[in-house]
Each structure stands twice: as C-alpha cells, then as structure tokens.
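Student: The structure follows.
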Amino acid sequence: MLMLGEIDLSVGSMSGLASAIVGVLWVNAGWPVAAAIGVALLCGIAVGLIYALLYNRVGMPSFVATLAGLLALLGMQLYILGPSGSINLPYASPLVRFGQLMVMPGWFSHTMALLPGLALLTFGLKTRVRRLQANLSAESVSSLLLRAVLLTVIFEAAVFYLNLGRGVPWIFGLFVAAAMVLNYALKRTKWGRSMFAVGGNREAARRSGINVRAIYVSAFCSARRWRHSGGFWRLHVWPQPASRPVPAR
Numbered sequence: 008m009l010m011l012g013e014i015d016l017s018v019g020s021m022s023g024l025a026s027a028i029v030g031v032l033w034v035n036a037g038w039p040v041a042a043a044i045g046v047a048l049l050c051g052i053a054v055g056l057i058y059a060l061l062y063n064r065v066g067m068p069s070f071v072a073t074l075a076g077l078l079a080l081l082g083m084q085l086y087i088l089g090p091s092g093s094i095n096l097p098y099a100s101p102l103v104r105f106g107q108l109m110v111m112p113g114w115f116s117h118t119m120a121l122l123p124g125l126a127l128l129t130f131g132l133k134t135r136v137r138r139l140q141a142n143l144s145a146e147s148v149s150s151l152l153l154r155a156v157l158l159t160v161i162f163e164a165a166v167f168y169l170n171l172g173r174g175v176p177w178i179f180g181l182f183v184a185a186a187m188v189l190n191y192a193l194k195r196t197k198w199g200r201s202m203f204a205v206g207g208n209r210e211a212a213r214r215s216g217i218n219v220r221a222i223y224v225s226a227f228c229s230a231r232r233w234r235h236s237g238g239f240w241r242l243h244v245w246p247q248p249a250s251r252p253v254p255a256r
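Residue numbers 8 to 256, in this note's numbering, belong to the letters of the sequence shown in order.
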C-alpha cells in the first residue's frame with residue numbers, strides 16, 4: 008500500500024478478525040482447519056474489494072476508508088468472539104504444534120539460510136547480463152557478491168543463534184519463504200513493475216496503458232490476504248489467539 012502512496016490503518020483489526028474467524032469455525036463449529044482458513048481468506052479479499060471500490064468509484068482516501076474499517080473490523084471481531092472474548096485452541100492440534108513445537112533439523116536450517124543469498128546472486132547476474140546486452144549500465148559482479156555474502160552471513164548468524172536453543176521454527180521458515188515470493192512478484196513480474204509505475208506517477212502509468220484501477224484493486228486485495236496471513240501466524244504461536252481486545256481507558 009505504501010508503494011502506491013496509500014496507507015492501511017486496519018492492519019491489526021484485520022489480523023485479529025482472521026484469527027477470530029478461524030478459531031470460531033475450527034473450535035466452536037467443528038470445521039476443518041483448512042476450510043476455516045479458506046473462509047477467512049475470502050473475507051479478507053471481500054474487505055479489500057470494498058476498500059478498492061470506495062477508492063476507485065467514490066474517491067474516498069484510503070486513510071479514511073481504512074480508519075472506518077479499523078473500527079468496523081474490530082466490532083466484527085467482538086461480535087464473532089461472543090461473551091467469552093477468547094477461544095482456547097487445542098494444544099495438541101497440528102496447527103498449534105506446527106507453530107510452537109516443530110523445528111527444522113540443524114543441517115536443513117543452515118541449508119535454507121543459503122537460499123536467499125543464492126537467489127539474490129542468481130537473479131542479479133541474470134539482470135546484469137540483460138542490461139549489458141541492451142547497452143545499459145549494470146551493477147558490478149563484486150557488488151552483487153558483496154550483497155549476497157552479507158545477506159547469507161546475516162541469515163546464517165540468525166540460524167546459528169536459534170540453533171543454540173530449540174532450533175529454527177518451521178513457521179519462521181514459512182515467513183521467510185513468503186517474503187521471498189512477494190519480493191519476486193514485485194521485482195520480476197509485470198504486476199510488480201506496474202505497482203512501482205503507479206506508485207511513482209499514477210497519470211504517467213495510466214497514459215502508458217496500465218490499468219490503474221485494477222492495480223489498486225489487486226493491491227488492496229493482496230494487502231488483505233497478507234493481513235489475514237498474519238492472523239494465521241498469530242494462531243500458530245499464541246495459545247489464545249482470538250482474544251477480546253482490551254478497550255483503552
């Protein structure tokens with residue numbers, strides 16, 4: 008959203024609503040956890056479509072729309088949770104065990120820590136070759152190597168520190184993988200380049216043939232999806248994820 012010059016104030020409320028929906032459908036209604044997560048994702052996409060409609064058709068600034076959404080989503084969370092205000096997830100369930108107990112083997116975590124640096128070096132070299140073939144300036148090989156080595160050292164140091172204790176949780180690896188996928192989508196796809204173009208100059212992007220409204224719709228919906236993913240990660244690591252928010256005094 009910030010890439011497009013917009014802001015989202017309903018991040019926390021969206022994450023809390025996602026965890027509440029999954030918790031209620033899974034624990035109270037007896038739904039399969041995959042189905043509960045799917046419903047929460049669909050709700051997030053629907054909220055994103057509403058935000059996009061208000062922005063594209065009504066011209067409402069995202070600040071105003073998401074501020075109203077913050078209050079509305081918080082109210083929905085309170086309504087879904089009911090009088091109890093919290094839901095206790097089964098501690099022995101695979102979902103909770105995946106987030107709290109399951110860790111990577113040491114050799115596997117160190118191997119995975121090499122991948123971001125290798126990906127950076129591989130894609131950087133490919134980009135360099137294409138730019139040189141087009142007679143454009145390109146980043147030097149030494150600069151690419153330095154950035155790849157620094158990134159690898161950071162990840163390997165983090166893995167080494169975590170392995171001194173329980174180890175690297177699988178949920179952390181899932182988070183890093185999601186970040187890498189999003190980075191690839193933004194930098195290596197037509198959609199990502201369109202996002203940067205609209206964020207840089209909306210009118211210039213429109214004149215170049217980019218469907219600006221569609222980009223805003225995809226941005227709002229994508230943001231909702233990642234906010235709901237944050238709610239799922241919260242489910243993994245918190246024993247009572249869908250708790251009633253404490254009102255400020």
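For each residue, glycine too, the CB sits at the ideal point set by N, CA and C.
From the DSSP output, in three-state form, read off residue 34 for me.
Tutor: Here residue 34 refers to the residue found at position 27 of the sequence shown. It is helical.
Student: Buried or exposed, going by whether 16 or more other CB atoms sit within 10 Å of the CB of residue 73?
Tutor: To locate residue 73, count along the sequence shown from 1; it is residue 66. The residue in question, residue 73, is buried, as its Cβ has 16 or more Cβ neighbours within 10 Å.
Student: Could you tell me which whole alpha helix (DSSP H) segments of length 4 or greater appear in the stretch 167-206?
Tutor: Runs of the alpha helix (DSSP H) inside the stretch 167-206: 177-195.
Student: What does the Cβ neighbour count give for residue 202, buried or exposed, with the cut at 16 atoms within 10 Å?
Tutor: The sequence position of residue 202 within the sequence shown is 195, counting from 1. Buried.
Student: List the whole-angstrom C-beta distance separating residue 11 from residue 223, where the pair is believed to meet the contact cut-off of C-beta under 8 Å.
Tutor: The residue you call residue 11 lines up with position 4 of the sequence shown. The residue you call residue 223 lines up with position 216 of the sequence shown. With 8 Å as the limit, residue 11 and residue 223 qualify as a contact, their Cβ atoms being about 7 Å apart.
Student: Take every Cβ of the stretch 163-183, pair it with every Cβ of the stretch 104-122, and state whether three or more of those distances are shorter than 8 Å.
Tutor: In short, these stretches touch, since the Cβ pair count reaches three.
Student: Tell me whether the beta-carbon of residue 195 lies closer than 9 Å to the beta-carbon of residue 105.
Tutor: Translated into positions along the sequence shown, residue 195 becomes position 188. Translated into positions along the sequence shown, residue 105 becomes position 98. It is not a contact, given that the beta carbons lie outside the stated cut-off.
Student: With a Cβ-Cβ cutoff of 9 Å, do residue 50 and residue 85 count as a contact?
Tutor: Stepping through the sequence shown from its first residue, residue 50 is reached at position 43. Stepping through the sequence shown from its first residue, residue 85 is reached at position 78. Result no, Cβ atoms of residue 50 and residue 85 do not sit closer than 9 Å.
Student: Exposed or buried, residue 71, counting other C-beta atoms within 10 Å across all chains shown (16 or more means buried)?
Tutor: Working through the sequence shown from its first residue, we reach residue 71 at position 64. With fewer than 16 Cβ atoms within 10 Å of its Cβ, residue 71 is classed as exposed.
Student: Counting only the same chain and skipping the five closest in sequence on each side, list residues whose C-beta sits under 8 Å from that of residue 8.
Tutor: As a working note, residue 8 is residue 1 in the sequence shown. Around residue 8: 14, 15, 69, 226, 227, 230.
Student: Going straight from the alpha carbon of residue 45 to that of residue 29, what length do you get?
Tutor: Position 38 of the sequence shown holds residue 45. Position 22 of the sequence shown holds residue 29. One C-alpha to the other measures close to 9 Å.
Student: Which partner residues of residue 110 appear in the DSSP bridge assignment?
Tutor: Numbered from its first residue, the sequence shown carries residue 110 at position 103. In the DSSP output, where bridge partners are listed per residue, residue 110 has 176.
Student: Cα-Cα, which of 21, 39, 111 is closest to residue 167?
Tutor: For the purposes of this step, residue 167 is taken as the residue at position 160 of the sequence shown. With distances taken between Cα atoms, residue 167 lies closest to 111.
Student: What's the C-alpha gap between residue 209 and residue 220?
Tutor: Along the sequence shown, one-based indexing puts residue 209 at 202. Along the sequence shown, one-based indexing puts residue 220 at 213. Roughly 10 Å separates the two Cα atoms.
Student: Applying the criterion that 16 or more other CB atoms from any shown protein chain within 10 Å of the CB defines a buried residue, is residue 161 buried or exposed?
Tutor: If you number the sequence shown from 1, residue 161 lands on position 154. Per the 10 Å Cβ criterion, exposed.
Student: Would residue 19 pass as a contact of residue 77 if the rule is Cβ separation under 9 Å?
Tutor: Here residue 19 refers to the residue found at position 12 when the sequence shown is read from its first residue. Here residue 77 refers to the residue found at position 70 when the sequence shown is read from its first residue. Closer than 9 Å, so yes.
Student: Helix, strand or coil for residue 20? Go by DSSP, reduced to three states.
Tutor: Within the sequence shown, numbered from 1, the residue matching residue 20 stands at position 13. Looking at residue 20 - three-state DSSP - the assignment turns out to be helix.
Student: To the nearest angstrom, report how far apart residue 103 and residue 96 are at their CA atoms.
Tutor: Numbered from its first residue, the sequence shown carries residue 103 at position 96. Numbered from its first residue, the sequence shown carries residue 96 at position 89. Rounded to whole angstroms, residue 103 to residue 96 spans 8 Å at the Cα level.
Student: Just to confirm my understanding: we take residue 127, look at its own chain, exclude 5 residues before and 5 after, and list those with CB closer than 7 Å. What are they?
Tutor: Counting from 1 along the sequence shown, the entry for residue 127 is found at position 120. The residues are 154, 155, 158.
Student: Taking only three categories from DSSP, how would you classify residue 143?
Tutor: Here residue 143 refers to the residue found at position 136 when the sequence shown is read from its first residue. Looking at residue 143 - three-state DSSP - the assignment turns out to be coil, as it is neither helix nor strand.
Student: Let me know the beta strand (DSSP E) ranges lying completely inside the stretch 49-77, each 3 residues or longer, listed in chain order.
Tutor: Listed in chain order, nothing qualifies, since the stretch 49-77 has no complete beta strand (DSSP E) run of 3 or more residues.
Student: Flag this pair as yes or no: are the beta carbons of residue 81 and residue 31 separated by less than 9 Å?
Tutor: For this step, residue 81 is matched to residue 74 along the sequence shown. For this step, residue 31 is matched to residue 24 along the sequence shown. Result no, Cβ atoms of residue 81 and residue 31 do not sit closer than 9 Å.
Student: Using CA atoms only, rank isn't needed, just tell me which of 101, 33, 26, 21 is closest to residue 52.
Tutor: Working through the sequence shown from its first residue, we reach residue 52 at position 45. Answer by Cα proximity: 21.
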